[in-house]
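Chains as they are written, first to last, in the numbering used here: chain X, 1 to 216; chain H, 1001 to 1216; chain G, 2001 to 2216.
Using N, Cα and C, we set each Cβ at its ideal position, and we do this for glycine too.
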Amino acid sequence: MLSTAIAVLDWFGVIVFAVTGALVASRKRMDLVGFALLGTVTAIGGGTLRDVLLGLSPVFWVREPAYLVTCVLVSGLVFFTAHIPESRYRALLWLDAVGLASFAATGGATAMLAGAGPIAAIAMGLITATFGGILRDVLGGESPMILRREIYVSAAFVAVATVVFMGAAGMSREVTLVSGFAVGLLVRGAALYWNWSLPRYHPRPGHDPKERGRCP
Amino acid sequence: MLSTAIAVLDWFGVIVFAVTGALVASRKRMDLVGFALLGTVTAIGGGTLRDVLLGLSPVFWVREPAYLVTCVLVSGLVFFTAHIPESRYRALLWLDAVGLASFAATGGATAMLAGAGPIAAIAMGLITATFGGILRDVLGGESPMILRREIYVSAAFVAVATVVFMGAAGMSREVTLVSGFAVGLLVRGAALYWNWSLPRYHPRPGHDPKERGRCP
Amino acid sequence: MLSTAIAVLDWFGVIVFAVTGALVASRKRMDLVGFALLGTVTAIGGGTLRDVLLGLSPVFWVREPAYLVTCVLVSGLVFFTAHIPESRYRALLWLDAVGLASFAATGGATAMLAGAGPIAAIAMGLITATFGGILRDVLGGESPMILRREIYVSAAFVAVATVVFMGAAGMSREVTLVSGFAVGLLVRGAALYWNWSLPRYHPRPGHDPKERGRCP
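Here's what the structure looks like:
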């Protein structure tokens, strides 16, 4: 169903995201079942929603249960090793960046293979990249990473747009995927490192009642 | 796929709901990407869940990406104009009422076209009308509008029930849709204006431990 | 579509879960519409997600609207009788245990009927058993039952694993389902009664900055 290049990058993303889910479970001091649950949901959530919206049914992990087994094993491994990294939250942030970039690339490529046009493929890349992390943060009671101030969705956008445009230009799937992944990781990594963010909406003075009170 | 009458009202609802999503983003001072995300999710969330549950796949915006483009453009417009209304929350409440009524009507009509019976069609109208707003409020961290004390789901129910019964009576689709929309908007508008609400559950005195403490 | 044995246990679970949804609505003093909404979503949420992921479309309650009618009627009944039990939260906990065990059993059996392998069938049983309750707790603003410290998901796992392995061993569907249900209810009931829980993740001393501060 999936080409080999997509499958390789997809497995990479699954494992990385499973680790982030298990790390959130460790921050909440859950038991082994909580680790398995959060690791699995984070890793397969985005791809599951993508498959449902594209009408690829049953979803990928019903056809290939090896995904489920891997997520549970990875989460179990984290249960016994999560004390090793110096800062679990820093590890979480950076692994999430890696997963974001890989799923943005594979999500867009999978959507194009399933016949979606370029705009829908970009939307599918964003969904695949972000939905697992949203589930992880909501179920784990963390403040959602998607709402952090540094550039996040935009990094996924750059990744999937690269894949879609290089794909439309007829370049080989391997080059396309690796380029999208690299560009996305670079943008998100730079945003994390230098605290890049986009300008925020700011109400004009005088219109916001709270603002009015503050400046006499 | 959809008849013209449904499509017109549906586009109307999409634009109105995209504005409400972007208004919530403005209340949270998000960046342009946050506006686009919240506007789009609010506008297409309900219809997406409806299509998935009915088995219409891929979902409508994969087939017609103009929906995605419109949502992003509308959200971007709100980013630069959200300071204009006197009260953004009041604008949000009333636009949400308009979107609720239009999606209840089109959701029910779409479900009947797809072969659903009257009861399932009513459920689909409620889902189409409310799910986008639920996503908006959860992702934007607002208290969910569906839990407000004034009549909300009931207004959507009246709208979709009107469409389903007039449709079953064989009336023309245009008249049916406009009637459902008008009735729903009237009920929700009246509820907002006069604070209409349904009686709430109230535990009998003596059974609630907190109550017992209070009346000696 | 479903065999009679599955249908009977499924209806049982639907009614029990609808009561738990309505009980949460009563704890939040919602109106009749809120009861109907929360009762219905809790009762059909898990099976709906299962059908969507398996690609059984449209979902079961579009084909059999009697489910919707029943949920609304049961929720309405609770609206007028929720003051009767001594402790509504205790009733909620135990009815949730019954629903969990029945949906784990029927969810796994339905997935196998739809052609899923044993691992995917176990995942479907867990999803069917837990998703309705997650929706109930999120929409009702309760702390999610799935995160409670006593064994919860593990009880559902034991139930569905029993069904899948006895099914693979060729035993009759009636015996299989009843065994899975009984085992799951026993485990969850014992966990509630004796406060059984699994060991939790605990960071090694010295690695957690808060820990370091506390032990001089």
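Nearest-angstrom beta carbon gap, residue j and residue i [assumed within contact, 8 Å]
{"i": "Gly-180 (chain X)", "j": "Ala-104 (chain X)", "result": "7 Å"}
{"i": "Leu-23 (chain X)", "j": "Ala-82 (chain X)", "result": "6 Å"}
{"i": "Arg-188 (chain X)", "j": "Leu-92 (chain X)", "result": "Incorrect: roughly 13 Å between the Cβ atoms, too far for contact."}
{"i": "Ala-1155 (chain H)", "j": "Ala-1116 (chain H)", "result": "Going by Cβ atoms, the distance from Ala-1155 (chain H) to Ala-1116 (chain H) rounds to 21 Å, so no, they are not a contact pair."}
{"i": "Met-1145 (chain H)", "j": "Gly-1133 (chain H)", "result": "5 Å"}
{"i": "Ile-1127 (chain H)", "j": "Gly-1046 (chain H)", "result": "6 Å"}
Any chain G beta carbon closer than 8 Å to residue i
{"i": "Leu-68 (chain X)", "result": "yes"}
{"i": "Leu-54 (chain X)", "result": "no"}
{"i": "Ile-1119 (chain H)", "result": "yes"}
{"i": "Ala-1116 (chain H)", "result": "yes"}
{"i": "Ala-1123 (chain H)", "result": "yes"}
{"i": "Val-24 (chain X)", "result": "no"}
{"i": "Leu-32 (chain X)", "result": "yes"}
{"i": "Ser-1075 (chain H)", "result": "no"}
{"i": "Leu-37 (chain X)", "result": "yes"}
{"i": "Leu-144 (chain X)", "result": "Here residue 144 (chain X) turns out to be Pro, not Leu, going by the sequence shown. Taking Cβ atoms only, chain G never reaches closer than 8 Å to Pro-144 (chain X), which makes this a no."}
{"i": "Ala-82 (chain X)", "result": "yes"}
{"i": "Val-187 (chain X)", "result": "no"}
Proximity to residue i [Cα-Cα], best of the options
{"i": "Phe-1245 (chain H)", "options": "H:Arg-1200, H:Val-1163, H:Ser-1197 and H:Ala-1097", "result": "In the structure as shown, chain H starts at 1001 and stops at 1216, and residue 1245 (chain H) therefore has no counterpart that could be examined."}
{"i": "Trp-194 (chain X)", "options": "X:Ala-159, X:Pro-203 and X:Arg-149", "result": "X:Arg-149"}
{"i": "Thr-952 (chain H)", "options": "H:Ala-1066, H:Leu-1037 and H:Leu-1053", "result": "Here chain H covers residues 1001 to 1216 and nothing more, so residue 952 (chain H) does not appear."}
{"i": "Lys-1028 (chain H)", "options": "H:Arg-1063, H:Phe-1080 and H:Gly-1141", "result": "H:Gly-1141"}
{"i": "Ser-143 (chain X)", "options": "H:Met-1145, H:Leu-1139 and H:Ser-1143", "result": "H:Leu-1139"}
{"i": "Glu-64 (chain X)", "options": "X:Ala-7, X:Ser-26 and X:Ser-87", "result": "X:Ala-7"}
{"i": "Thr-2070 (chain G)", "options": "G:Val-2059, G:Met-2030, G:Val-2041 and G:Ala-2025", "result": "G:Val-2041"}
{"i": "Ala-5 (chain X)", "options": "X:Ala-182, X:Val-175, X:Gly-184 and X:Val-183", "result": "X:Val-175"}
{"i": "Val-2163 (chain G)", "options": "G:Met-2030, G:Leu-2095 and G:Ser-2102", "result": "G:Ser-2102"}
{"i": "Val-78 (chain X)", "options": "X:Asp-31, X:Met-166 and X:Asp-137", "result": "X:Asp-31"}
Short CB-CB distance (under 8 Å) between residue i and chain X
{"i": "Arg-2200 (chain G)", "result": "yes"}
{"i": "Gly-1953 (chain G)", "result": "The first residue shown for chain G is 2001 and the last is 2216, placing residue 1953 (chain G) beyond what the model contains."}
{"i": "Ala-2005 (chain G)", "result": "no"}
{"i": "Val-2041 (chain G)", "result": "no"}
{"i": "Val-2072 (chain G)", "result": "no"}
{"i": "Pro-2203 (chain G)", "result": "yes"}
{"i": "Val-2153 (chain G)", "result": "yes"}
{"i": "Val-1014 (chain H)", "result": "no"}
{"i": "Val-1178 (chain H)", "result": "no"}
{"i": "Pro-1065 (chain H)", "result": "yes"}
{"i": "Arg-1029 (chain H)", "result": "yes"}
Alpha-carbon spacing of residue i relative to residue j, whole angstroms
{"i": "Phe-2157 (chain G)", "j": "Leu-1135 (chain H)", "result": "30 Å"}
{"i": "Asp-2010 (chain G)", "j": "Ala-2043 (chain G)", "result": "10 Å"}
{"i": "Leu-2186 (chain G)", "j": "Ala-121 (chain X)", "result": "47 Å"}
{"i": "Ser-197 (chain X)", "j": "Arg-2200 (chain G)", "result": "37 Å"}
{"i": "Leu-1147 (chain H)", "j": "Met-2171 (chain G)", "result": "47 Å"}
{"i": "Ala-2168 (chain G)", "j": "Ala-2159 (chain G)", "result": "14 Å"}
{"i": "Ala-66 (chain X)", "j": "Gly-2125 (chain G)", "result": "17 Å"}
{"i": "Phe-35 (chain X)", "j": "Ile-15 (chain X)", "result": "14 Å"}
{"i": "Val-74 (chain X)", "j": "Gly-39 (chain X)", "result": "8 Å"}
{"i": "Arg-90 (chain X)", "j": "Thr-20 (chain X)", "result": "11 Å"}
{"i": "Gly-2076 (chain G)", "j": "Ala-161 (chain X)", "result": "50 Å"}
{"i": "Ile-84 (chain X)", "j": "Ser-2003 (chain G)", "result": "50 Å"}
{"i": "Ala-2129 (chain G)", "j": "Leu-113 (chain X)", "result": "34 Å"}
{"i": "Gly-107 (chain X)", "j": "Pro-1203 (chain H)", "result": "50 Å"}
{"i": "Leu-1068 (chain H)", "j": "Pro-118 (chain X)", "result": "12 Å"}
{"i": "Trp-61 (chain X)", "j": "Ala-1018 (chain H)", "result": "33 Å"}
{"i": "Thr-48 (chain X)", "j": "Gly-55 (chain X)", "result": "11 Å"}
{"i": "Asp-2051 (chain G)", "j": "Arg-50 (chain X)", "result": "16 Å"}
{"i": "Val-33 (chain X)", "j": "Val-2183 (chain G)", "result": "18 Å"}
{"i": "Ala-1025 (chain H)", "j": "Leu-2177 (chain G)", "result": "48 Å"}
{"i": "Val-2059 (chain G)", "j": "Phe-1165 (chain H)", "result": "23 Å"}
{"i": "Trp-94 (chain X)", "j": "Arg-2173 (chain G)", "result": "48 Å"}
{"i": "Val-2153 (chain G)", "j": "Asp-137 (chain X)", "result": "19 Å"}
Cβ of residue i within 8 Å of any chain H Cβ
{"i": "Ser-2172 (chain G)", "result": "no"}
{"i": "Ser-197 (chain X)", "result": "yes"}
{"i": "Thr-2110 (chain G)", "result": "no"}
{"i": "Phe-2131 (chain G)", "result": "no"}
{"i": "Thr-2048 (chain G)", "result": "yes"}
{"i": "Phe-2079 (chain G)", "result": "yes"}
Go through the region 142-168 of chain X residue by residue and report every complete run of the alpha helix (DSSP H) that reaches 4 residues or more, in order. 153-168
What ranges does the alpha helix (DSSP H) occupy inside the region 2057-2085 of chain G, keeping only unbroken runs of at least 4 residues that lie completely in it? 2060-2063 and 2066-2081
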